[in-house]
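*Asks:* Sharing a structure below in structure tokens format, with a few things to ask.
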Amino acid sequence: MVQAINGGVTAPAGFLATGICAGIKKGSKKDMALVFSTVPAVSAGVFTTNVVKAAPVKWDKFVTEESAFAQAIVVNSGVANACTGESGYKNCMDMAAEVGAHLSIPASAVLVASTGVIGRPLPMDIIKDGIGKMSRCLGSTRDDGRLAAEAIMTTDTKSKEKAVQTVIDGKTVTVAGMCKGSGMIHPNMATMLCFVTTDAAISREMLQKALREDVVDTFNMISVDGDTSTNDSVLVLANGLAQNEEITGEGAAYDAFCEALHAVMVSLCRKIAGDGEGCTCLFEATVVGAATKEQARTLSKSIVCSNLTKAAIFGHDANWGRILCAMGYSGAEFDPEKVDLYFESSAGKLKIVENGMDTGYSEEKATEILSQETVRAIADIKMGTQTATAWGCDLTYEYVRINGDYRS
50 MVQAINGGVT
60 APAGFLATGI
70 CAGIKKGSKK
80 DMALVFSTVP
90 AVSAGVFTTN
100 VVKAAPVKWD
110 KFVTEESAFA
120 QAIVVNSGVA
130 NACTGESGYK
140 NCMDMAAEVG
150 AHLSIPASAV
160 LVASTGVIGR
170 PLPMDIIKDG
180 IGKMSRCLGS
190 TRDDGRLAAE
200 AIMTTDTKSK
210 EKAVQTVIDG
220 KTVTVAGMCK
230 GSGMIHPNMA
240 TMLCFVTTDA
250 AISREMLQKA
260 LREDVVDTFN
270 MISVDGDTST
280 NDSVLVLANG
290 LAQNEEITGE
300 GAAYDAFCEA
310 LHAVMVSLCR
320 KIAGDGEGCT
330 CLFEATVVGA
340 ATKEQARTLS
350 KSIVCSNLTK
360 AAIFGHDANW
370 GRILCAMGYS
380 GAEFDPEKVD
390 LYFESSAGKL
400 KIVENGMDTG
410 YSEEKATEIL
420 SQETVRAIAD
430 IKMGTQTATA
440 WGCDLTYEYV
450 RINGDYRS
């Protein structure tokens, strides 16, 4: 059974972290983070589907696929190190080497991530100085994890962390994570960085399998604005210090680990969608009664990606025709004359469409439901037993303002 605990990336045994203001950004905002496992760990990663891939993505693919182990993650915020050519990749190597020198580990054991403005070179003097400072103040406390989560933010308004525990082979296993993401968020990864730590003992192959399969129903199901970034990365380190029997294949132990990983990933996805640039609410779309899982995923993603629907949610307007329209152009086949549609929030649940037609619902009650911090649309297409949920947010005037002067 998975239980939530108060914690971040330092919650699993053997993980240290910190975050500092190195001086990459203007002012006093934190802009560098470091996560370190005291023992070698296996790693896994999934990355952006954008053809334009930032230098850290290329470096991390090398580490997760070819290095014998990984032991640290260094992150900078403010500059994306994307579209920077060979010099950008060399800067990744130099960042990894600098971390390795300070922590006495190989450069090939260091994962690198960057987020911020595309096209600008990294200020390497500042970054190397920051790495030195961070290596001297790594810690295992709750506050140390929180500092790291704050340091990876860009336009995020709040840091995003989650930690859970489960029991595998009689051993308590902890899975925890932190992420950032607020804009350039779209299914098939988004401008988001996610770092998961766990003390589970699991093989590299099974860790990669668990991550790859979970992303399909988590990070590939969020959308803020329809843009897929150049830097998207989800990285996992598993150091085995929980001392469970190593998970090397499918079975009860693997299922328990996947359940814990999924709990962390879903929570972080909801935090990203609910903190979309300029948004006022988290908007969830759940499709039930689908014939296949893929049909449910396609329909639910189409709903949260619809700008017209997102604008209606912002206006607390139960304009359900926009939802049916978005479902209709999704490419998934269904009978619109059999669809039931509900709106749900902490203010209640209201059926607004039955068999494709207006139910004569109360507009006042609908507005009340749509005025809460989390709003959910539920579409029952009555074709089977499969379901899927996608996460997004409303579309506001503030989103345009933020992205109109992002570089200034």
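The letter at position 367 of the sequence shown is residue 416 when you use the working numbering, and the numbering goes up by one with no holes.
Virtual Cβ for every residue (Gly too), placed ideally from N, Cα, C.
Drop a sphere of 10 angstroms on the beta-carbon of Pro61, count the other beta-carbons inside from all chains shown, and report buried for 16 or more, exposed for fewer.
*Replies:* Classification of Pro61: buried, given that the 10 Å Cβ count is 16 or more.
*Asks:* Whole angstroms are fine: how far does the CA of Val402 sit from the CA of Ala415?
*Replies:* In a straight line, the C-alpha of Ala415 is about 12 angstroms away from that of Val402.
*Asks:* So, does the region 409-429 touch the region 331-345, judging by three or more C-beta pairs under 8 angstroms?
*Replies:* Yes: the two stretches touch, three or more of their Cβ pairs being nearer than 8 angstroms.
*Asks:* DSSP beta-bridge partners for Gln435?
*Replies:* Bridge partners of Gln435: Ala339.
*Asks:* If you follow the beta strand (DSSP E) that Gly94 is in, where does it begin and where does it stop?
*Replies:* Met81 to Phe96 is the extent of the beta strand (DSSP E) around Gly94.
*Asks:* Determine which residues share a DSSP beta bridge with Gln9 and list them.
*Replies:* For residue 9 there is no data in the structure shown, the boundaries of the chain being 50 and 457.
*Asks:* Terminal residues of the continuous beta strand (DSSP E) containing Lys400?
*Replies:* From DSSP, the beta strand (DSSP E) with Lys400 extends over Gly397 to Glu403.
*Asks:* Ile430 to Asp389, Cα distance in whole Å?
*Replies:* Those two C-alpha atoms are separated by around 7 angstroms.
*Asks:* Using a Cβ-Cβ cut-off of 7 angstroms (strictly less than) and excluding sequence neighbours within five positions of Cys70, which residues of its own chain qualify?
*Replies:* Excluding residues within five positions, the ones whose Cβ falls inside 7 angstroms are Ser77, Lys78, Lys79 and Asp80.
*Asks:* Count the other CB atoms, across all protein chains shown, that sit within 10 Å of the CB of Asn140; report buried if there are 16 or more and exposed otherwise.
*Replies:* With 16 or more other Cβ atoms within 10 Å, it is buried.
*Asks:* Just to check my reading of the structure: Phe392 and Leu419 have Cβ atoms closer than 8 angstroms, yes? What is that Cβ distance to the nearest angstrom?
*Replies:* With a Cβ gap of about 6 angstroms, Phe392 and Leu419 count as contacting.
*Asks:* Along the chain, where does the beta strand (DSSP E) that runs through Tyr303 open and close?
*Replies:* That residue, Tyr303, is in no beta strand (DSSP E); its alpha helix (DSSP H) goes Ala301 to Gly323.
*Asks:* Given 8 angstroms as the limit, is there contact between the region 130-145 and the region 106-117, that is, 3 or more CB pairs closer than that?
*Replies:* Verdict: yes, contact present.
*Asks:* If you drop the 5 nearest sequence neighbours on each side, which residues of the same chain put their C-beta closer than 7 angstroms to that of Gly179?
*Replies:* Around Gly179: Ile69, Ala71 and Met81.
*Asks:* Going by beta-carbon coordinates alone, are Gly94 and Asn125 separated by less than 9 angstroms?
*Replies:* No; because the gap between Cβ atoms is not below 9 angstroms, this pair is not in contact.
*Asks:* Within its chain, find whatever has a CB closer than 6 angstroms to the CB of Asn452; leave out the 5 residues flanking it on each side and keep chain order.
*Replies:* So the list is empty, once near-sequence residues are dropped.
*Asks:* Can a CB atom of chain C be found closer than 9 angstroms to the CB of Gly168?
*Replies:* The structure shown has no chain C; it contains just one protein chain.
*Asks:* Of the residues Phe268, Glu299, Ala339 and Ala291, which one's Cα is nearest the Cα of Ala312?
*Replies:* Among Phe268, Glu299, Ala339 and Ala291, the Cα nearest to that of Ala312 belongs to Phe268.
*Asks:* By alpha-carbon positions, which one of Ala396, Ala340, Thr67 and Gly168 ends up nearest to Ala18?
*Replies:* The structure shown has nothing for residue 18, since the chain only spans 50 to 457.
*Asks:* I believe Val245 touches Val285 by the beta-carbon criterion, under 8 angstroms. Please report the beta-carbon distance rounded to the nearest angstrom.
*Replies:* Right, the Cβ-Cβ distance comes to about 4 angstroms (below 8 angstroms), so this counts as a contact.
*Asks:* Among Ser86, Thr203 and Thr358, which has the Cα closest to the Cα of Lys75?
*Replies:* Among Ser86, Thr203 and Thr358, the Cα nearest to that of Lys75 is on Thr203.
*Asks:* Which of helix, strand or coil does DSSP assign to Val148?
*Replies:* Residue state, collapsed to three classes: helix.
*Asks:* Give the range of the alpha helix (DSSP H) segment to which Gln257 is assigned.
*Replies:* Start and end: Arg253 to Val264.
*Asks:* What is the DSSP secondary structure of Asn368, counted as helix, strand or coil?
*Replies:* In this structure, Asn368 counts as coil in the three-state DSSP scheme.
*Asks:* Can you round the beta-carbon distance between Met183 and Leu83 to whole angstroms, since I take them to be within the 8 angstroms contact cut?
*Replies:* Correct: roughly 4 angstroms between the Cβ atoms.
*Asks:* What residues are listed by DSSP as bridge partners for Asp389?
*Replies:* DSSP, once it has assigned bridges, lists Asp429 as partnering Asp389.
*Asks:* Answer yes or no: do Asp192 and Phe64 have a C-beta to C-beta separation smaller than 9 angstroms?
*Replies:* In this structure, Phe64 does not lie closer than 9 angstroms to Asp192 by Cβ.
*Asks:* Ile122 bridges to which residues according to DSSP?
*Replies:* According to DSSP, which records beta bridges pairwise, Ile122 is partnered with Val84 and Leu160.
*Asks:* Can Thr358 and Thr445 be called in contact, C-beta distance under 9 angstroms?
*Replies:* For Thr358 and Thr445, no; Cβs fall outside 9 angstroms.
*Asks:* According to DSSP, is Thr59 helix, strand or coil?
*Replies:* Thr59: coil per DSSP, three-state reduction.
*Asks:* Check whether the Cβ atoms of Val213 and Ala225 lie closer than 9 angstroms to each other.
*Replies:* The answer is yes: Cβ separation under 9 angstroms.
*Asks:* Go through its chain and collect everything with a Cβ distance to Arg346's Cβ below 6 angstroms, but skip five positions before and after it.
*Replies:* These residues qualify, in order along the chain: Ala437.
*Asks:* Going by beta carbon distance, what residues of the same chain come within less than 7 angstroms of Ile154, once the five residues before and after it are set aside?
*Replies:* If we look at Ile154 and ignore the five residues flanking it on each side, its Cβ neighbours are Gln120 and Ala121.
*Asks:* Buried or exposed: Asp174, going by 16 or more other Cβ atoms within 10 Å of its Cβ?
*Replies:* Counting Cβ neighbours within 10 Å, Asp174 comes out exposed, since fewer than 16 surround it.
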